[in-house]
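A.B. asks:
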Amino acid sequence: MPMRSRIKRFISLSVTGLIVLAILGYAYLKAETLMAGPQIAVESPKSGLTTQESLVRVQGIATNAKETRINGRAMFIDTNGRFDEQLLLMEGYNIIELTAKDAQGREAKETVALVYRK
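What follows is the structure, encoded as structure tokens:
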């Protein structure tokens, strides 16, 4: 086999190997987020807050979620996974429970405790 033919074959195999490696790396990164399951993060309000306002705005982000709920009712998220909901607090101690479920049925929960005083 002439030298030129060996070099072409080596370059061809190297390029093919790099392409396969890039595809596998990309697939791993995409699959990793799916394997992690749903995640939910509340940005505001912070748990333990005492407020004098009866209407509170709950904001945050839910990732890898097929279904999201706030205190048992459906909560809508935008295409980036962000949510922005308003809740009416009762006087005293209030617990806000947020849940996110993925297509495999895995669930993530986040709880925020607030105190409303007039």
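Using the numbering used here, you'd call the opening residue of the sequence shown number 125 and step up by one each time.
Even for Gly, the Cβ is constructed at its ideal location relative to N, Cα and C.
Tell me which residue opens and which closes the beta strand (DSSP E) that Ser-168 is part of.
C.D. replies: For Ser-168, the enclosing beta strand (DSSP E) has its first and last residue at 163-168.
A.B. asks: Extract the residue ranges of the beta strand (DSSP E) inside the region 161-213, only unbroken runs of 3 or more that lie entirely within it.
C.D. replies: Runs of the beta strand (DSSP E) spanning 3 or more residues and lying entirely within the region 161-213 occur at 163-168, 173-175, 179-187, 191-194, 206-212, in chain order.
A.B. asks: For the candidate residues Lys-233, Ala-160, Ala-165, Leu-213, whose alpha-carbon lies nearest to that of Gly-184?
C.D. replies: Ala-165
A.B. asks: For Pro-162, count neighbouring C-beta atoms within 10 Å of its own C-beta (all shown protein chains included) and say buried if the count is 16 or more, exposed if not.
C.D. replies: buried
A.B. asks: My output table needs one value for Glu-156: the three-state DSSP class, helix, strand or coil.
C.D. replies: helix
A.B. asks: State the beta-bridge partners of Thr-140 as determined by DSSP.
C.D. replies: DSSP output for Thr-140 lists no bridge partner at all.
A.B. asks: Using 8 Å as the cut-off, can you tell me whether the region 208-217 makes contact with the region 186-193, which would need three or more C-beta pairs spanning the two stretches below that distance?
C.D. replies: no
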